[in-house]
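To keep things clear, I will list the structure first and then write my remarks on it.
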Amino acid sequence: MDKIKYNGYDFSLVHNCEFSNVYYNKHLKLALCIAERDYIPIDSFKTIFLSISTLIDDSPLQHLVFDKRKLRTFHQPSMEWYFAIWKPIVKNKGLINHYKILPEIDWFVKSVEAGRHEILKKYSNDILHGISINYVKSIENVIDMIA
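Residues 0 to 146 in numbering that gives the first Met the number 0 are what the sequence shown lists, from first letter to last.
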């Protein structure tokens, strides 16, 4: 599927692999990273998010939704790389609004909270300065907020 539609907006497929698809809408300056499996190996995880870094070089991008609803495995090293290495790089390129859709699984949500706490303890709150992170229920919610 090369395109998807949410709230009347078309999103074009810009990266895909067996673990995730990344879609983009230029008008909204919004990318969607949608997990397609219950686990994303760290090498694939990095490749997915580095593809978003490349997208920013060619297209305006201010908002990113990471839809994790299909994930069933929490991987702390991936989260640490994502927060401490990747987010500061893309912040400098203009991607400052991050939206997360978590699976509705209590232990997963608690793992995310604990993992974030450990990262902030290790790196300090400064790594998130200037970055907005919002937990939402759906892609449609995000589009309603930014459109």
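Cβ atoms here follow ideal geometry from the backbone N, Cα and C, with glycine treated the same way. Since the model is a prediction, treat every value here as computed from it, not as a measurement.
Hey, how far is the Cα of residue i from the Cα of residue j?
{"i": "Val-141", "j": "Val-135", "result": "7 Å"}
{"i": "Gly-129", "j": "Arg-36", "result": "31 Å"}
{"i": "Tyr-5", "j": "Tyr-23", "result": "11 Å"}
{"i": "Ser-94", "j": "Lys-86", "result": "Looking at the sequence itself, residue 94 is Leu, so the reference to Ser does not match. Their Cα atoms are separated by approximately 8 Å."}
{"i": "Ala-146", "j": "Ser-110", "result": "31 Å"}
{"i": "Gln-75", "j": "Val-108", "result": "13 Å"}
{"i": "Asp-143", "j": "Leu-60", "result": "17 Å"}
{"i": "Val-64", "j": "Asp-125", "result": "22 Å"}
{"i": "Ser-123", "j": "Gly-114", "result": "13 Å"}
{"i": "Arg-71", "j": "Lys-45", "result": "18 Å"}
{"i": "Val-89", "j": "His-26", "result": "19 Å"}
{"i": "Ile-138", "j": "Asp-66", "result": "8 Å"}
{"i": "Glu-112", "j": "Cys-32", "result": "20 Å"}
{"i": "Met-78", "j": "Ala-30", "result": "19 Å"}
Opposite residue i in the DSSP bridges: which residues?
{"i": "Tyr-3", "result": "In the sequence under discussion, the amino acid at residue 3 is Ile, which differs from the Tyr named in the question. Ile-3 pairs with Phe-10."}
{"i": "Lys-136", "result": "Partner(s): none; Lys-136 has no beta bridge."}
Quick one: grab the DSSP three-state call for residue i.
{"i": "Ile-142", "result": "helix"}
Every unbroken beta strand (DSSP E) inside the stretch 7-86 [3 residues or more] = The stretch 7-86 contains, as complete beta strand (DSSP E) runs of 3+ residues, the segments 8-15, 19-24, 29-34 and 62-66 (chain order).
ask   = Are at least three pairs of beta-carbons, each pair with one atom in the stretch 117-126 and one in the stretch 95-106, less than 8 Å apart?
value = Touching, no, given that fewer than three Cβ pairs across the two stretches are closer than 8 Å.
query = If you pair each beta-carbon of the stretch 14-23 with each one of the stretch 41-60, do three or more pairs fall below 8 Å?
reply = Taking 8 Å as the limit for Cβ pairs, the verdict is that the stretch 41-60 does touch the stretch 14-23.
task = Only counting runs of 4 or more residues, tell me where the alpha helix (DSSP H) segments fall wholly within the stretch 90-124, in order along the chain.
result = If one requires a minimum length of 4 residues, the alpha helix (DSSP H) runs lying completely within the stretch 90-124 are 105-122, in chain order.
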